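Everything in the sequence shown is counted per the UniProt record's numbering, starting at 1 for the first residue and increasing by one.
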Amino acid sequence: MLLRIPYTTPLPSLPPIPTTATTLPTAITAVSNFLLNARSTLLLSGAGISVESGLPDYRGPRGTYTLNKEYRPIFYGDFVHKDAMRRRYWARSFLGWKGVEKVRPNRTHRAVGRLWEGGWVGEAITQNVDSLHSMSHPAMPITNLHGLLSTVLCLTCRTHSERSVFQKELHRLNPTYSEFIEKMRSTPDLPIKRGPDGDIEVPGVKYENFRYPPCQKCLNNSTFDGMIKVDKDGAVEIIDGDANIPGIVKPTLVFFGENLRDEVRKEAEGKVDAVDSVLVIGSSLATYSAWRLVKKAKDQGKKVGIINLGGVRGENAFWDDGEGKIAAKYRLGDGTDGVRVEFDAGDVLEGALEVLERVDGKRVNRKVPLGDPETSRHDIELREIETATAR
Ligand SMILES: [Zn+2]
Numbered sequence: 001m002l003l004r005i006p007y008t009t010p011l012p013s014l015p016p017i018p019t020t021a022t023t024l025p026t027a028i029t030a031v032s033n034f035l036l037n038a039r040s041t042l043l044l045s046g047a048g049i050s051v052e053s054g055l056p057d058y059r060g061p062r063g064t065y066t067l068n069k070e071y072r073p074i075f076y077g078d079f080v081h082k083d084a085m086r087r088r089y090w091a092r093s094f095l096g097w098k099g100v101e102k103v104r105p106n107r108t109h110r111a112v113g114r115l116w117e118g119g120w121v122g123e124a125i126t127q128n129v130d131s132l133h134s135m136s137h138p139a140m141p142i143t144n145l146h147g148l149l150s151t152v153l154c155l156t157c158r159t160h161s162e163r164s165v166f167q168k169e170l171h172r173l174n175p176t177y178s179e180f181i182e183k184m185r186s187t188p189d190l191p192i193k194r195g196p197d198g199d200i201e202v203p204g205v206k207y208e209n210f211r212y213p214p215c216q217k218c219l220n221n222s223t224f225d226g227m228i229k230v231d232k233d234g235a236v237e238i239i240d241g242d243a244n245i246p247g248i249v250k251p252t253l254v255f256f257g258e259n260l261r262d263e264v265r266k267e268a269e270g271k272v273d274a275v276d277s278v279l280v281i282g283s284s285l286a287t288y289s290a291w292r293l294v295k296k297a298k299d300q301g302k303k304v305g306i307i308n309l310g311g312v313r314g315e316n317a318f319w320d321d322g323e324g325k326i327a328a329k330y331r332l333g334d335g336t337d338g339v340r341v342e343f344d345a346g347d348v349l350e351g352a353l354e355v356l357e358r359v360d361g362k363r364v365n366r367k368v369p370l371g372d373p374e375t376s377r378h379d380i381e382l383r384e385i386e387t388a389t390a391r
């Protein structure tokens, strides 16, 4: 079992790797060396790369956890078992959807696309649920580790549908909230806090009376006769106590406290198995499901690169010389064996592209096929050991 669990405490920073990578130009050189000397590089991206598109990250300088100590994302168990939590979730998600729909890829996504076209990176895994990689470079194979915001599914019959269609239903069932969206549009300075998963928080707004529909297929399924109670407009009636009923619709993103889908986890592990280096961009790896992929690469003797503003969770494990210090080959190297820089990923990747295109041309034959999934160690049961801190 592998859960997505938030880790909200600040993470300490390490000195740059190599130690010379203290300025943007030297960081670019180190990252260029890393990419030039890798046979095949897997990219792992996080919320940091979508900040420029207007989505907050979690722990960056203007991140959700940094600015809003009270922020607590919704947990899967709460969504499944508590009607009030579903109303709260859908209300916030409903209000935030317009903002999510407007979001477009930025220069970091475009740089990733160029790195892929040039053959300097192979495939990618993203923790982001915003679809911006696919929007920017649709041909690049992306594993959406934590699912996507753009679709919803029924937890009972697993029917998928478009989030935008579900949004129309929410509009129909919640006319006062629709009016509020209009007000938000005409009042740009409302104190709204936007979360990385597309939800927003508006101080003073209550969510108890927000209405959501059940899955229509399950509602009309005689097996569940009488188990799904709806009002005259077709919205789920308020349920006290355990509200785990058939036909609950949920976004396809992986909630905190929810298992990653088996096939997604295996696909991500297969991608790690198939490469000889992993480059992390815009992520503090605070989510265990992402951290362990990098740790897996490290344990397989692969090279690790990290470009992130701010600290990275448990990163000593990637660089340790066995005595609690950063190993000399990383500290004193030129980036080839490993790189760890604290700059904006867009700045670094755009700079690295200039170097790579100049000295290396295009290396389109470097895309390496996925390894045999049977050889990956997916039979090991992995469990999140961190206890979620609710701050
Ligand atoms: Zn259903």
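Idealized CB from N, CA, C, for every residue including glycine.
From a predicted model like this one, the values you see are computed outputs, not experimental measurements.
Alpha carbons only, please: which of the options is nearest the one belonging to residue i?
i: T143; options: C154, S131, L153 and S150; result: S131
i: L279; options: F34, L11, Y330 and G99; result: F34
i: F166; options: N220, W97, I307 and L44; result: W97
i: L149; options: A290, P251, R172 and P16; result: P251
i: D337; options: I326, D347, L219 and A345; result: I326
i: M184; options: E315, R92 and E323; result: R92
i: L356; options: G113, M85, S277 and W120; result: W120
i: K329; options: V112, P18 and E182; result: P18
i: V348; options: V51, I28, H81 and S283; result: I28
i: D240; options: D83, V31, L11 and L44; result: D83
i: H160; options: P214, A38, D344 and S186; result: P214
i: Y212; options: N221, S222, I181 and V249; result: V249
i: G335; options: S289, L55 and A30; result: A30
i: A287; options: L44, V339, K229 and E263; result: It should be noted that the sequence gives Thr, not Ala, for residue 287. Here the closest residue by C-alpha is L44.
i: Y207; options: L145, R87, G322 and E350; result: R87
i: E11; options: E315, V339 and A268; result: What sits at residue 11 in the sequence shown is Leu, not Glu. When each option's Cα is compared against that of L11, the closest is E315.
i: H81; options: I238, A274 and E323; result: I238
i: K303; options: R331, D276, G282 and S283; result: D276
i: A235; options: Q216, D242, I125 and S222; result: Q216
i: I307; options: T176, A38 and G46; result: G46
i: G122; options: I181, A38 and K232; result: A38
i: E342; options: V264, G282 and G351; result: G282
I'd like the list of long-range same chain contacts for residue i, defined as Cβ closer than 6 Å, with 5 residues on each side in sequence excluded.
i: T20; result: T26
i: H171; result: S178
i: S13; result: G311
i: P15; result: none
i: D320; result: none
i: G333; result: P18
i: V272; result: L293, K296 and A297
i: T108; result: I49, A345 and G346
i: L155; result: I248 and K250
i: G305; result: F34, L279 and V339
i: residue 437; result: Past the boundaries of the shown model lies residue 437; the chain is included only from 1 to 391, so the question cannot be answered.
Identify every residue that forms a DSSP beta bridge with residue i.
i: F256; result: F75
i: A124; result: L43 and I142
i: I307; result: I281 and V341
i: P251; result: V152
i: E162; result: T151
i: V236; result: V230
i: D320; result: I326
i: I17; result: R340
Within a Cβ cutoff of 7 Å, which residues of the same chain sit near residue i, ignoring the five residues on either side of it in sequence?
i: R158; result: none
i: L285; result: W291, V294, V312 and R313
i: D360; result: L36
i: R163; result: L149, S150, T151, V152 and P251
i: M227; result: I245 and P246
i: F224; result: C218, P246 and G247
i: A139; result: none
i: G147; result: V129, T252, L253 and V254
i: R261; result: none
i: G113; result: S136, H137 and M140
i: D231; result: E237
Within the same chain, show all residues whose beta-carbon is closer than 8 Å to that of residue i, passing over the 5 residues directly before and after it, in chain order.
i: P105; result: S53, L132, H133, M135 and S136
i: F255; result: R4, P73, I74, F75, Y76 and F79
i: F103; result: One point to set straight first is that residue 103 is Val, not Phe, in the sequence displayed. Around V103: S50, S53, G54, L55, D130 and L132.
i: T22; result: P16
i: A124; result: L42, L43, L44, S45, V112, W116, H133, M140, P141, I142 and T143
Anything with a beta carbon under 6 Å from a heavy atom of ligand 1 counts; list them all in chain order.
-> C154, T156, C157, T159, C215, K217, C218 and G247
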